[in-house]
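Novice: Numbers 45 to 421, taken from the numbering used here, label the letters of the sequence shown in order.
Take this structure, written in structure tokens, and hold onto it; I'll ask about it next.
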Amino acid sequence: MKSDATAEPAGNWAVPLGGDALFTWDYDAGAEQMLSLYSRGKQRQWDAETRLDWGHEVDPDNPLGLPDTFIWIAGTPLWERLPEAERITVRRHLAGWLYSQFLHGEQGALVCAAKVVQTVPDIASKFYAATQVVDEARHVEAYQRMLHDKIKVHYPISAGLRGLLETTIGDSRWDITYLGMQVMIEGLALASFSIQRDRMRDPLARALNAYVLQDEARHVAFGRLALRDYYGQLSTAELREREDFAVEACWVLRDRFAGEDMWRNLDYGADECVALANRSPGQREFRRRLFTRIVPTLKDINLFGPRMREALRELGVLGFSRVDGAETSAEDERIADDIAALELAVRQREVSAAVARGAGSDDAGKDDAGKDEERPK
45 MKSDATAEPA GNWAVPLGGD ALFTWDYDAG AEQMLSLYSR GKQRQWDAET
95 RLDWGHEVDP DNPLGLPDTF IWIAGTPLWE RLPEAERITV RRHLAGWLYS
145 QFLHGEQGAL VCAAKVVQTV PDIASKFYAA TQVVDEARHV EAYQRMLHDK
195 IKVHYPISAG LRGLLETTIG DSRWDITYLG MQVMIEGLAL ASFSIQRDRM
245 RDPLARALNA YVLQDEARHV AFGRLALRDY YGQLSTAELR EREDFAVEAC
295 WVLRDRFAGE DMWRNLDYGA DECVALANRS PGQREFRRRL FTRIVPTLKD
345 INLFGPRMRE ALRELGVLGF SRVDGAETSA EDERIADDIA ALELAVRQRE
395 VSAAVARGAG SDDAGKDDAG KDEERPK
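Next up, the structure:
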């Protein structure tokens, strides 16, 4: 039965944490690239409460300004049969489902980053991971506020994301937590957030995702730095284990994010809707962006043996290994800086206009007072 799904999820989900908390007595960090990333992480902190314009009123019928081309069943006979009231419902629920998964994924990233602080062996990585904990807390705060105040439709965590998080958090090896979170799940986040930034029409949604993307670009760089040298030291058998994990994650990310639980809730026929979604232009763009983020990183961290290349060829994404991942991340940072500069300029103009209006009122008051003095008694 169709439900408005407005009740926020409650309760807890317990995932056993694998691995030991590691202390290091070598406080000479030494790793210049990691320390540089740590410095950027400190300098790039921002406050979700003040950076974003929460006073902005979204369209209640389409809170993200979602173009119909990005609705996964748009253009199909099913979509054509729906009256406008039902199409509004789909727009609202797709926004709610997407941002619910963003919220759950960011909480997963928060938990993983906290685990990395404990389990990574070197002090420089602990330093940086601590800044990521703060970043992820800010993202959870912002997406929760967007869902609660603006979208007002909530969904539980999807089965695909839940399974990937459970494996990533529960593994005792620190590098698997890195690989699952910093490469695979952050790759999912980067693909999704970049679509929100570039394709949505609502300015609040675009700004939120631009600022989050700027943070996520640093997180992926952290994963690359931490894993590149380590994977160069592993045996063939150990690399095979990591490749098996990454290959399975790639298939999950490609096939398990079509909103099956949302379509079931909307009662349009979940199997048909998932099949339509998987063939839609919006999903094709999502997958393209997903693997343009993930594949270059897998290559960069030396997790690119014959088995991995064959799996990526089967997925049809091996060609993305030629993408410059560092340049893509740098572009994310530039776009966020441009949006921040534009918003600052707008706010400065608003303040200047308010000051000018106030000065005008004062001058008018003085003129009136002068006229009173000139009037004959």
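Glycine included, every Cβ here is placed at the ideal spot set by N, Cα and C.
Under the rule that 16 or more other beta-carbon atoms within 10 Å means buried, what is Phe237, buried or exposed?
Specialist: Here residue 237 refers to the residue found at position 193 when the sequence shown is read from its first residue. Buried, since its Cβ has 16 or more Cβ neighbours within 10 Å.
Novice: Could you tell me whether the stretch 75 to 82 touches the stretch 101 to 119, using the rule of 3 or more Cβ pairs below 8 Å?
Specialist: Result no; under three Cβ-Cβ pairs closer than 8 Å.
Novice: Using only CA atoms, which one of Ala92, Asn253, Leu96, Asp299 lies nearest to Tyr143?
Specialist: Within the sequence shown, residue 143 is the residue found at index 99, counting from 1. Minimum Cα distance to Tyr143 is reached at Asn253.
Novice: Does the stretch 205 to 213 come close enough to the stretch 262 to 274 that 3 or more CB-CB pairs lie under 8 Å?
Specialist: Counting Cβ pairs under 8 Å, fewer than three are found: no touch.
Novice: Under 8 Å, do Val423 and Ala173 count as touching if we go by C-beta distance?
Specialist: Any answer about residue 423 is impossible in this case: the structure gives the chain only from 45 up to 421.
Novice: Let me know the alpha helix (DSSP H) ranges lying completely inside the stretch 72 to 149, each 4 residues or longer, listed in chain order.
Specialist: Whole alpha helix (DSSP H) segments, 4+ residues: 76 to 87, 92 to 95, 121 to 125.
Novice: Confirm, please, whether the CB-CB distance from Phe330 to Ile239 is below 8 Å.
Specialist: Along the sequence shown, read from residue 1 onward, the residue named residue 239 stands at position 195. Along the sequence shown, read from residue 1 onward, the residue named residue 330 stands at position 286. Against a cut-off of 8 Å, the Cβ pair of Phe330 and Ile239 comes out as a contact.
Novice: Quick check on His192: does DSSP put it in helix, strand or coil?
Specialist: The residue you call residue 192 lines up with position 148 of the sequence shown. His192 falls in the helix class under three-state DSSP.
Novice: Ala302 and Val318: beta carbons closer than 8 Å?
Specialist: Here residue 302 corresponds to residue number 258 of the sequence shown, with the count starting at 1. Here residue 318 corresponds to residue number 274 of the sequence shown, with the count starting at 1. Yes, the pair counts as a contact, with Cβ atoms nearer than the cut-off.
Novice: Apply the 10 Å Cβ neighbour rule to Ser396 and answer buried if 16 or more other Cβ atoms are within range, or exposed otherwise.
Specialist: By one-based count along the sequence shown, residue 396 stands at place 352. Classification of Ser396: exposed, given that the 10 Å Cβ count is below 16.
Novice: So, with DSSP's three-state summary, where would you put His198?
Specialist: The count along the sequence shown starts at 1 and reaches residue 198 at position 154. Of the three classes helix, strand and coil, the one that applies to His198 here is coil, per DSSP.
Novice: With DSSP collapsed to three states, give me the class of Thr68.
Specialist: The residue you call residue 68 lines up with position 24 of the sequence shown. The answer is coil: DSSP assigns Thr68 none of H, G, I, E or B.
Novice: Pick out whichever of Leu61, Asp311, Arg95, Leu297 has its Cα sitting closest to the Cα of Ala203.
Specialist: Along the sequence shown, one-based indexing puts residue 203 at 159. The residue with the shortest Cα to Cα distance from Ala203 is Leu297.
Novice: In or out: Asp72 buried (at least 16 other Cβ within 10 Å) or exposed?
Specialist: Taking the first residue of the sequence shown as 1, we reach residue 72 at position 28. The residue is exposed, with fewer than 16 neighbouring Cβ atoms inside 10 Å.
Novice: Helix, strand or coil for Arg217 per DSSP?
Specialist: As a position in the sequence shown, residue 217 is number 173, starting the count at 1. Here Arg217 sits in coil by DSSP.
Novice: Is the Cβ-Cβ distance between Arg333 and Ala235 less than 8 Å?
Specialist: Within the sequence shown, the letter at position 289 stands for residue 333. Within the sequence shown, the letter at position 191 stands for residue 235. In this structure, Ala235 lies closer than 8 Å to Arg333 by Cβ.
Novice: Output yes or no for whether 8 Å exceeds the beta carbon distance between Ile117 and Trp123.
Specialist: Residue mapping note: residue 117 aligns to position 73 of the sequence shown, counting from 1. Residue mapping note: residue 123 aligns to position 79 of the sequence shown, counting from 1. For Ile117 and Trp123, yes; Cβs fall inside 8 Å.
Novice: By alpha-carbon positions, which one of Glu130, His137, Leu347 ends up nearest to Asp305?
Specialist: In the sequence shown, the residue the question calls residue 305 occupies position 261. Out of Glu130, His137, Leu347, His137 has the C-alpha closest to the C-alpha of Asp305.
Novice: Indicate the three-state DSSP secondary structure (helix, strand or coil) for Leu386 in the structure shown.
Specialist: As a first step, residue 386 must be located in the sequence shown, where it is residue number 342. DSSP places Leu386 in helix when its eight states are reduced to three.
Novice: Pick helix, strand or coil for Gly360, following the three-state DSSP scheme.
Specialist: What you label residue 360 is simply residue 316 of the sequence shown in a count that begins at 1. If DSSP states are grouped into helix, strand and coil, Gly360 belongs with coil.
Novice: Might you give, ordered along the chain, the residues of its own chain that have their beta carbon closer than 6 Å to the beta carbon of His183, omitting 5 neighbours on each side?
Specialist: Numbered from 1 along the sequence shown, position 139 holds the residue referred to as residue 183. The answer, listed in chain order, is Glu150, Val256.
Novice: If you run the structure through DSSP and keep just helix, strand and coil, what is Leu283?
Specialist: Here residue 283 refers to the residue found at position 239 when the sequence shown is read from its first residue. DSSP places Leu283 in helix when its eight states are reduced to three.
Novice: To the nearest whole angstrom, what separates the beta carbons of Leu147 and Gln188, a pair I think is in contact under 8 Å?
Specialist: The count along the sequence shown starts at 1 and reaches residue 147 at position 103. The count along the sequence shown starts at 1 and reaches residue 188 at position 144. Right, their Cβ atoms sit about 6 Å apart.
Novice: Would you grab the beta carbon distance between Arg135 and Gln258 for me? Rounded to a whole angstrom, and I think it's under 8 Å.
Specialist: In the sequence shown, the residue the question calls residue 135 occupies position 91. In the sequence shown, the residue the question calls residue 258 occupies position 214. So it is not a contact: roughly 27 Å between Cβ atoms.
Novice: Whole-angstrom Cβ separation of Met426 and Leu208, contact assumed at under 8 Å?
Specialist: Residue 426 is absent from the model: the chain starts at 45 and stops at 421.
Novice: Could you tell me the alpha carbon to alpha carbon distance between Ser83 and Ala400, rounded to whole angstroms?
Specialist: To locate residue 83, count along the sequence shown from 1; it is residue 39. To locate residue 400, count along the sequence shown from 1; it is residue 356. If you take the alpha carbons of Ser83 and Ala400, they lie about 40 Å apart.
Novice: State the Cα-Cα distance for the pair Gly369 and Pro60, rounded to the nearest angstrom.
Specialist: Here the question's residue 369 lines up with position 325 in the sequence shown. Here the question's residue 60 lines up with position 16 in the sequence shown. Spanning the two alpha carbons is a distance of roughly 33 Å.
Novice: For my contact list, Arg284 and Tyr275 are in at a C-beta cut-off of 8 Å; report their separation, rounded to the angstrom.
Specialist: Your numbering for residue 284 matches position 240 in the sequence shown. Your numbering for residue 275 matches position 231 in the sequence shown. Actually they are not in contact, since the Cβ atoms of Arg284 and Tyr275 sit about 12 Å apart, beyond 8 Å.
Novice: Using a threshold of 8 Å, state whether the C-beta atoms of Ile167 and Asp288 are closer than that.
Specialist: On the sequence shown, residue 167 is found 123 positions in, with the first residue counted as 1. On the sequence shown, residue 288 is found 244 positions in, with the first residue counted as 1. Cβ distance not < 8 Å, so Ile167 and Asp288 don't count as in contact.
Novice: Taking the beta carbon of Thr175 as the centre, do at least 16 other beta carbons fall within 10 Å, making it buried, or is it exposed?
Specialist: The residue labelled residue 175 in the question sits at position 131 within the sequence shown. Classification of Thr175: buried, given that the 10 Å Cβ count is 16 or more.
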